[in-house]
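Every position in the sequence shown, counted from 1, becomes a number in the working numbering once 697 is added. Encoded as structure tokens, the structure appears first; notes follow it.
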Amino acid sequence: ALLSAGSGTAAGSHEAATRCPNSASHGTWFLLLRVFVSAELPESWTDMQEPLLEGMCFTLKYLGMTLVEKPKGEDMAAAAIRRIVATARVGARKFQKVILTVSPRGISLQDADTKEMVENISIYRISYCTTDKLQNKVFAYVAQSQESGALECHAFLSPKKKIAQAVTLTVAQAFQMALDLWEAAHAGR
Numbered sequence: 698a699l700l701s702a703g704s705g706t707a708a709g710s711h712e713a714a715t716r717c718p719n720s721a722s723h724g725t726w727f728l729l730l731r732v733f734v735s736a737e738l739p740e741s742w743t744d745m746q747e748p749l750l751e752g753m754c755f756t757l758k759y760l761g762m763t764l765v766e767k768p769k770g771e772d773m774a775a776a777a778i779r780r781i782v783a784t785a786r787v788g789a790r791k792f793q794k795v796i797l798t799v800s801p802r803g804i805s806l807q808d809a810d811t812k813e814m815v816e817n818i819s820i821y822r823i824s825y826c827t828t829d830k831l832q833n834k835v836f837a838y839v840a841q842s843q844e845s846g847a848l849e850c851h852a853f854l855s856p857k858k859k860i861a862q863a864v865t866l867t868v869a870q871a872f873q874m875a876l877d878l879w880e881a882a883h884a885g886r
């Protein structure tokens, strides 16, 4: 079944995430990413800053998008994810495999097969991200559309619950790093 719900905990578990290569290096590195299931960032999150600056990559399947009225909130996100999943179940199409890259600049989406850039979302346009409680392999974020200004919820299916949680944690780290960089740039003013 598509998107089955499950139980269990990922606290203290390890999951591999790819550190995206920069232009100076064509190699692909692997970095162990500790996944913590909590509302707060782990104390060791600062260890992730250097690879996060370059971008952390996750291979996911794009489920779809729906418009939302609020920029954030657990109930809003859960309802949006339910709509996206229901639509995805009805359609008999193959989901687009994408490489989702998270950095302090935002989220970029690249087609995993063609390597074509699908979308680039500024960190300043993203208002919320979550791993769904019921569909625990689903990562979603809410962002304001650059074209229309509408709030859109985009959902992605990960191969494992831990990966969906890792993407959410990485986006939270990117928000914190973007804030730290902005504050450092404006500290002397």
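For each residue, glycine too, the CB sits at the ideal point set by N, CA and C.
Cβ pair residue i, residue j closer than 8 Å
i	j	result
L797	V839	no
D810	I778	no
L854	K758	yes
V799	L806	no
I823	F755	no
A881	P801	no
L760	A785	yes
I804	A852	no
E816	M762	no
D808	Q793	yes
Whole-Å CB distance - residue i paired with residue j, under 8 Å assumed
i	j	result
A837	L764	In fact, because the Cβ distance is near 13 Å, the residues do not count as touching under 8 Å.
A871	I818	Going by Cβ atoms, the distance from A871 to I818 rounds to 11 Å, so no, they are not a contact pair.
T827	A774	5 Å
N833	K858	4 Å
K791	Y825	Not confirmed; about 28 Å, so no contact.
Segment limits, beta strand (DSSP E) that includes residue i
i	result
D808	803-808
Length at least 3, wholly inside the segment 819-877: the beta strand (DSSP E) runs in chain order: 823-828, 835-841, 848-854
Alpha helix (DSSP H) runs wholly inside the segment 739-800, at least 4 long, in chain order: 746-751, 771-787
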